[in-house]
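Q: Heads up: the protein sequence lines correspond to chains A and B, in order. Residue numbering for the first sequence follows the UniProt record's numbering, starting at 1 and increasing by one per position. Residue numbering for the second sequence follows the UniProt record's numbering, starting at 1 and increasing by one per position.
Number of protein chains: 2
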Amino acid sequence: MATVRDVAERAGVSIATVSFVLNGTKPVTPATRDRVEAAMAELGYHRNVLARALASRRTRILALAHPTLEQRFGSTTTDFVTSAARAARARGYHLVLWPVDTDGDEIRELLSQGLVDGVVLMEVLLEDARVEALTGSGTPFALIGRTADPAGLIHVDIDFEQSMAIALDHLQELGHREIALVSAGHALPEYGPKVRSAAAYRRLCGERGLRPLLLECEASVVGGRSLVPRLEGRTAVVVMNEFACFGLLSELASRGVAVPGDVSIVSFTSPDMAGIADPPLTIMRSPGATLGALGVDALIDRLEDPELMPPPQLLPCTLELGGSTARAESSTPA
Amino acid sequence: MATVRDVAERAGVSIATVSFVLNGTKPVTPATRDRVEAAMAELGYHRNVLARALASRRTRILALAHPTLEQRFGSTTTDFVTSAARAARARGYHLVLWPVDTDGDEIRELLSQGLVDGVVLMEVLLEDARVEALTGSGTPFALIGRTADPAGLIHVDIDFEQSMAIALDHLQELGHREIALVSAGHALPEYGPKVRSAAAYRRLCGERGLRPLLLECEASVVGGRSLVPRLEGRTAVVVMNEFACFGLLSELASRGVAVPGDVSIVSFTSPDMAGIADPPLTIMRSPGATLGALGVDALIDRLEDPELMPPPQLLPCTLELGGSTARAESSTPA
DNA sequence: ATGAAAGCGCTAACAT
DNA sequence: ATGTTAGCGCTTTCAT
Chain A
1 MATVRDVAER
11 AGVSIATVSF
21 VLNGTKPVTP
31 ATRDRVEAAM
41 AELGYHRNVL
51 ARALASRRTR
61 ILALAHPTLE
71 QRFGSTTTDF
81 VTSAARAARA
91 RGYHLVLWPV
101 DTDGDEIREL
111 LSQGLVDGVV
121 LMEVLLEDAR
131 VEALTGSGTP
141 FALIGRTADP
151 AGLIHVDIDF
161 EQSMAIALDH
171 LQELGHREIA
181 LVSAGHALPE
191 YGPKVRSAAA
201 YRRLCGERGL
211 RPLLLECEAS
221 VVGGRSLVPR
231 LEGRTAVVVM
241 NEFACFGLLS
251 ELASRGVAVP
261 GDVSIVSFTS
271 PDMAGIADPP
281 LTIMRSPGAT
291 LGALGVDALI
301 DRLEDPELMP
311 PPQLLPCTLE
321 LGGSTARAES
331 STPA
Chain B
1 MATVRDVAER
11 AGVSIATVSF
21 VLNGTKPVTP
31 ATRDRVEAAM
41 AELGYHRNVL
51 ARALASRRTR
61 ILALAHPTLE
71 QRFGSTTTDF
81 VTSAARAARA
91 RGYHLVLWPV
101 DTDGDEIREL
111 LSQGLVDGVV
121 LMEVLLEDAR
131 VEALTGSGTP
141 FALIGRTADP
151 AGLIHVDIDF
161 EQSMAIALDH
171 LQELGHREIA
181 LVSAGHALPE
191 YGPKVRSAAA
201 YRRLCGERGL
211 RPLLLECEAS
221 VVGGRSLVPR
231 LEGRTAVVVM
241 NEFACFGLLS
251 ELASRGVAVP
261 GDVSIVSFTS
271 PDMAGIADPP
281 LTIMRSPGAT
291 LGALGVDALI
301 DRLEDPELMP
311 PPQLLPCTLE
321 LGGSTARAES
331 STPA
């Protein structure tokens with residue numbers, strides 16, 4: 001591997017000059033710049049990122065901290081991770097994977113190694129020990145999700161208010177006025193998406209004169225089945241529990257309740273899941289890939305200008321029409 | 001951040017001695033070792049992995065190279081990645097994400113930065129330009145999957161021979177003798193899992209006196225539906241196309257063909273998918289998490305002893321019984 | 001068993 | 001505009 005020394009020698013300049021053209025740190029005569037660049041090309045020179053990191057005291061490595069016990073998010077998670085890594089690369093950074101427990105200990109341990117300049121934290125909880133560990137460390141970080149009070153923290157998240165409004169808009173435009181919300185009876189008592197969606201749902205129902213009905217069930221097919229007797233004649237259901245959705249669907253079918261004829265369903269899930277349901281689901285699709293890139297970009301912006309406080313970015317899920325929603329006129333609800 | 005210098009000073013020894021206790025590189029008197037360790041504890045010392053990497057010429061960072069365009073593997077991929085990262089951590093390594101194109105250019109580019117000691121390559125193709133890039137680079141690597149001729153390459157993969165045998169065993173024990181295999185009509189013409197499974201299926205059919213029927217279809221619900229007219233009276237189907245499986249199921253249902261009453265189905269897919277099918281599927285479950293850890297361990301073994309050539313590890317999928325397979329006696333096939 | 005000192009390959013003052 | 005040089009924090013000979 002060629003080093004700056006080799007390049008400098010071949011170009012007949014000092015290693016400092018090589019460094020200047022490499023980083024654009026100081027002005028260099030076009031003529032010598034050319035000589036240096038030619039030398040680099042001839043030698044196949046690539047700078048050693050490690051040495052650079054040590055000398056510049058910036059590693060240009062970011063960590064992607066995520067829970068060990070994966071919520072089974074499927075393709076959304078994959079999209080998110082890939083786009084985060086690509087976004088980092090586009091700005092000259094690398095992304096290391098840090099599976100970490102929810103207490104902040106592993107985070108602290110890993111931070112102390114000095115490998116990373118910043119951390120992207122996934123699956124943020126309303127109260128989150130990892131966030132405290134990060135705050136205490138002084139290492140810049142970006143949250144994917146939000147704590148209960150995210151003021152002053154760099155974060156990007158789904159806009160649950162707006163997402164819920166879009167889902168309700170769609171159903172109301174179809175004439176539905178009796179709309180239930182189903183969420184997961186989470187092991188995590190205070191799961192942000194659930195809490196925020198429920199709050200948005202309640203508020204919107206209030207504003208729009210709708211009667212709220214909020215149901216919870218286990219995140220499984222069996223859980224979904226158990227919902228049917230509790231639907232109280234609703235003609236539409238918004239489901240934030242992708243596995244339960246299949247149980248709901250199958251139980252409705254077996255009771256002769258037609259979807260979307262009698263009951264309309266909007267599910268917060270991925271297109272993959274939507275496609276294998278019968279009927280194919282109308283979904284609210286998570287902006288996973290976009291969030292990954294935005295989170296990384298916000299963090300790097302901050303890293304490169306510590307004065308900066310990148311504003312929170314809240315993106316709604318997008319409505320993708322499937323075959324599980326229809327006009328309410330003829331509904332004969334469950 | 002405390003440095004070796006600080007520790008050495010506090011312990012009243014030289015920095016070399018600190019390094020010796022840190023790495024166990026040379027014998028140190030219990031007494032001085034204690035003093036050094038006390039000093040480290042008091043100062044909250046953690047060694048800087050970057051400086052260590054630069055000095056030792058080993059970064060202890062591994063890359064996980066994976067295709068940008070994710071095959072939508074869902075939870076299997078997530079498990080794989082998480083377990084690979086954990087395995088690396090357990091041995092004092094970090095894992096960086098490298099989304100790369102299938103030509104080897106990005107790989108070469110990234111390798112030249114000198115950030116990583118080795119690469120774990122996912123989604124290996126039978127002919128794979130990335131493998132050539134790696135071979136040419138001299139950087140040690142491990143394959144998850146196999147090229148057409150993987151001799152001499154460190155690799156771990158699913159044992160498709162054995163997996164297929166297990167699936168057929170199960171169906172034959174239930175009395176089935178007319179068993180079809182469904183695979184994906186892949187964009188990639190030479191996708192290892194498909195080719196190897198098909199070969200195993202043909203060979204096993206030959207050995208066991210079964211008539212092979214190999215069908216392909218698009219990886220979608222629509223693709224799955226198109227299979228039914230082509231089943232030629234088979235009483236059992238092995239499906240290696242997880243999305244098509246749902247189309248198959250629904251088309252059979254709408255034609256009044258009962259699963260598992262008339263046709264049994266074994267699907268190579270994840271438990272998540274199995275759970276939302278109706279009936280819940282009997283599956284062959286991929287050993288994703290195990291492969292992730294094995295791949296990383298094999299690579300690190302090699303890194304730490306270049307003499308070593310870790311043997312290939314081929315693991316079968318595991319049969320998990322669901323409700324989509326039953327005895328053949330009363331079958332009235334499609 | 002311990003220490004002194006020379007780098008690892010680069011960046012970034014500080015000179016010129 | 002370019003060069004000199006002192007580190008970044010650690011590992012690792014080579015002495016003692």
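The beta-carbon is built from N, C-alpha and C at its ideal position, and this holds for glycine as well. Given the structure is predicted, the values throughout are model-derived calculations rather than measurements.
(1) Please list the segments of the alpha helix (DSSP H) lying wholly inside the region 14-83 of chain B, counting only runs of 4 or more residues, in order along the chain.
(2) Could you confirm whether any beta carbon from chain A is found closer than 8 Å to the beta carbon of Pro306 of chain B?
(3) Give a yes or no on whether 8 Å exceeds the smallest Cβ distance from Val49 of chain B to chain A.
(4) Roughly how many angstroms lie between the CA atoms of Pro287 of chain A and Asp157 of chain A, to the nearest whole one?
(5) Classify Thr290 of chain B as helix, strand or coil using the three-state DSSP reduction.
(6) Could you please give the first and the last residue of the uninterrupted beta strand (DSSP E) stretch that includes Glu109 of chain A?
(7) Measure the alpha-carbon distance for Arg230 of chain A versus Gly206 of chain A and round it to whole angstroms.
(8) Quick test of the definition: if touching needs 3 or more C-beta pairs under 8 Å, does the region 288-303 of chain B touch the region 144-158 of chain B?
(9) Pull up the distance between the alpha-carbon of Ile144 of chain B and that of Asp79 of chain A, whole angstroms please.
(10) For the beta strand (DSSP E) containing Arg285 of chain A, name the first residue and the last one.
(11) Is the beta carbon of Gly247 of chain A less than 8 Å from the beta carbon of Gly275 of chain A?
(12) Considering only the alpha carbon of each residue, which of B:Glu242, B:Leu64 and B:Glu232 lies closest to His122 of chain B?
(13) Under three-state DSSP, which class holds Gly224 of chain B?
(14) Run through chain B and tell me which residues come within less than 7 Å of Ser226 of chain A, C-beta to C-beta.
(15) Measure the beta-carbon distance from Val266 of chain A to Met284 of chain A and round it to whole angstroms, keeping in mind my assumption that it falls under 8 Å.
(16) Quick one: measure Cβ to Cβ for Val296 of chain B and Leu134 of chain B, integer angstroms, because I've assumed they're closer than 8 Å.
(17) Quick one: is Leu252 of chain B buried, meaning 16 or more other Cβ sit within 10 Å of its Cβ, or exposed?
(18) Return the chain-ordered ranges of every alpha helix (DSSP H) run that is complete within the region 144-191 of chain B and spans a minimum of 4 residues.
(19) Quick one: any contact between the region 303-313 of chain A and the region 12-19 of chain B, if contact means 3 or more CB pairs under 8 Å?
(20) Looking at C-alpha atoms only, which residue of B:Ala199, B:Glu232 and B:Leu171 is the closest neighbour of Leu319 of chain B?
(21) For Lys26 of chain B, which residues of its own chain have a beta-carbon under 7 Å away from its beta-carbon, when the five flanking residues on both sides are left out?
(22) Leaving out the 5 sequence neighbours to the left and right, which residues in its chain are closer than 6 Å to Gln162 of chain A when beta-carbon positions are compared?
(23) How about Asn48 of chain A and Gly136 of chain B: are their beta carbons less than 8 Å apart?
(24) Taking only three categories from DSSP, how would you classify Met122 of chain A?
(25) For Asn23 of chain A and Asp301 of chain A, I'd like the C-alpha separation in whole angstroms.
(26) Would Ala11 of chain B and Val28 of chain B qualify as a contact pair, given that the criterion is a beta-carbon distance under 8 Å?
(27) So which of B:Ala55, B:Ala8, B:Ala31 and B:Ser270 has the shortest CA-CA distance to Tyr45 of chain B?
(28) Specify whether the region 169-185 of chain B and the region 87-107 of chain B touch according to this definition: at least 3 beta carbon pairs, one from each stretch, less than 8 Å apart.
(29) Taking 8 Å as the threshold (C-beta atoms), are Arg146 of chain A and Val124 of chain A in contact?
(30) From Ser75 of chain A to Trp98 of chain B, what does the alpha carbon distance come to, in whole angstroms?
(31) Please state the DSSP three-state secondary structure of Phe243 of chain B.
(32) Determine the chain B residues that contact Arg86 of chain A at a beta-carbon separation under 8 Å, and present them in chain order.
(33) With Val131 of chain B as the anchor, note down where its alpha helix (DSSP H) starts and where it stops.
(34) Straight-line CA distance for Ala277 of chain A to Asp272 of chain B?
(35) Would you check if the distance between the CB atom of Leu126 of chain B and the CB atom of Glu190 of chain B is smaller than 8 Å?
A: Answer, in terms of the structure:
(1) 15-23, 30-43 and 49-56
(2) For the purposes of this step, residue 306 of chain B is identified with residue 306 of the second sequence, where counting begins at 1. No, because no Cβ of chain A sits closer than 8 Å to the Cβ of Pro306 of chain B.
(3) Numbered from its first residue, the second sequence carries residue 49 of chain B at position 49. Flagged as an interface residue toward chain A: Val49 of chain B, by a C-beta distance shorter than 8 Å.
(4) Locating residue 287 of chain A in the first sequence gives position 287, counting from the first residue. Locating residue 157 of chain A in the first sequence gives position 157, counting from the first residue. The C-alpha of Pro287 of chain A lies about 9 Å from the C-alpha of Asp157 of chain A.
(5) By 1-based counting over the second sequence, the position of residue 290 of chain B is 290. Three-state DSSP puts Thr290 of chain B in a helix.
(6) Here residue 109 of chain A refers to the residue found at position 109 when the first sequence is read from its first residue. Segment Asp105 to Leu111 is the alpha helix (DSSP H) holding Glu109 of chain A; no beta strand (DSSP E) there.
(7) Within the first sequence, the letter at position 230 stands for residue 230 of chain A. Within the first sequence, the letter at position 206 stands for residue 206 of chain A. If you take the alpha carbons of Arg230 of chain A and Gly206 of chain A, they lie about 21 Å apart.
(8) Three or more beta-carbon pairs separated by less than 8 Å link the region 288-303 of chain B to the region 144-158 of chain B, which places the two stretches in contact.
(9) The residue given as residue 144 of chain B occupies position 144 in the second sequence. The residue given as residue 79 of chain A occupies position 79 in the first sequence. Distance between the alpha carbons of Ile144 of chain B and Asp79 of chain A is about 20 Å.
(10) Numbered from 1 along the first sequence, position 285 holds the residue referred to as residue 285 of chain A. Note, Arg285 of chain A: beta strand (DSSP E), Thr282 to Arg285.
(11) Position 247 of the first sequence, counted from the first residue, corresponds to residue 247 of chain A. Position 275 of the first sequence, counted from the first residue, corresponds to residue 275 of chain A. Cβ atoms of Gly247 of chain A and Gly275 of chain A: not closer than 8 Å.
(12) For the purposes of this step, residue 122 of chain B is identified with residue 122 of the second sequence, where counting begins at 1. Reading off the sequence, residue 122 of chain B comes out as Met, not His. The option with the nearest alpha carbon to Met122 of chain B is B:Leu64.
(13) Against the second sequence, residue 224 of chain B aligns to sequence position 224. Correct three-state label for Gly224 of chain B: helix.
(14) Position 226 of the first sequence, counted from the first residue, corresponds to residue 226 of chain A. Chain order gives no chain B residues near Ser226 of chain A, where near means a beta carbon separation below 7 Å; the closest approach is about 15 Å.
(15) Locating residue 266 of chain A in the first sequence gives position 266, counting from the first residue. Locating residue 284 of chain A in the first sequence gives position 284, counting from the first residue. With 8 Å as the limit, Val266 of chain A and Met284 of chain A qualify as a contact, their Cβ atoms being about 6 Å apart.
(16) Within the second sequence, numbered from 1, the residue matching residue 296 of chain B stands at position 296. Within the second sequence, numbered from 1, the residue matching residue 134 of chain B stands at position 134. With 8 Å as the limit, Val296 of chain B and Leu134 of chain B do not qualify as a contact, their Cβ atoms being about 16 Å apart.
(17) Along the second sequence, one-based indexing puts residue 252 of chain B at 252. By the 10 Å Cβ count, Leu252 of chain B comes out buried.
(18) 160-173
(19) no
(20) Numbered from its first residue, the second sequence carries residue 319 of chain B at position 319. Comparing Cα-Cα distances from Leu319 of chain B to each of B:Ala199, B:Glu232 and B:Leu171, the minimum goes to B:Leu171.
(21) Taking the second sequence and counting its residues from 1, the one referred to as residue 26 of chain B is at position 26. Around Lys26 of chain B: Phe20.
(22) Numbered from 1 along the first sequence, position 162 holds the residue referred to as residue 162 of chain A. Hits under 6 Å: Pro316.
(23) Position 48 of the first sequence, counting from 1, holds the residue named residue 48 of chain A. Position 136 of the second sequence, counting from 1, holds the residue named residue 136 of chain B. Not in contact: Asn48 of chain A and Gly136 of chain B (Cβ atoms no closer than 8 Å).
(24) Reading the first sequence from its first residue, position 122 is the one you call residue 122 of chain A. Note: Met122 of chain A maps to coil in three-state DSSP.
(25) Position 23 of the first sequence holds residue 23 of chain A. Position 301 of the first sequence holds residue 301 of chain A. Asn23 of chain A and Asp301 of chain A: Cα-Cα distance of roughly 18 Å.
(26) Counting from 1 along the second sequence, the entry for residue 11 of chain B is found at position 11. Counting from 1 along the second sequence, the entry for residue 28 of chain B is found at position 28. Taking 8 Å as the Cβ cut-off, Ala11 of chain B and Val28 of chain B do not qualify as a contacting pair.
(27) Numbered from 1 along the second sequence, position 45 holds the residue referred to as residue 45 of chain B. When C-alpha distances from Tyr45 of chain B are compared across B:Ala55, B:Ala8, B:Ala31 and B:Ser270, the shortest belongs to B:Ala8.
(28) no
(29) As a first step, residue 124 of chain A is located in the first sequence; it is residue number 124 there, counting from the start. As a first step, residue 146 of chain A is located in the first sequence; it is residue number 146 there, counting from the start. Against a cut-off of 8 Å, the Cβ pair of Arg146 of chain A and Val124 of chain A comes out as a contact.
(30) Counting from one through the first sequence, the residue named residue 75 of chain A turns up at place 75. Counting from one through the second sequence, the residue named residue 98 of chain B turns up at place 98. Those two C-alpha atoms are separated by around 18 Å.
(31) Here residue 243 of chain B refers to the residue found at position 243 of the second sequence. Here Phe243 of chain B sits in coil by DSSP.
(32) Looking up residue 86 of chain A in the first sequence gives position 86. The answer, in chain order, is Thr68 and Pro99.
(33) For the purposes of this step, residue 131 of chain B is taken as the residue at position 131 of the second sequence. Here the alpha helix (DSSP H) through Val131 of chain B covers Ala129 to Ser137.
(34) Along the first sequence, one-based indexing puts residue 277 of chain A at 277. Along the second sequence, one-based indexing puts residue 272 of chain B at 272. Ala277 of chain A and Asp272 of chain B: Cα-Cα distance of roughly 14 Å.
(35) Here residue 126 of chain B is taken as the residue at index 126 of the second sequence, counted from 1. Here residue 190 of chain B is taken as the residue at index 190 of the second sequence, counted from 1. Result yes, Cβ atoms of Leu126 of chain B and Glu190 of chain B sit closer than 8 Å.
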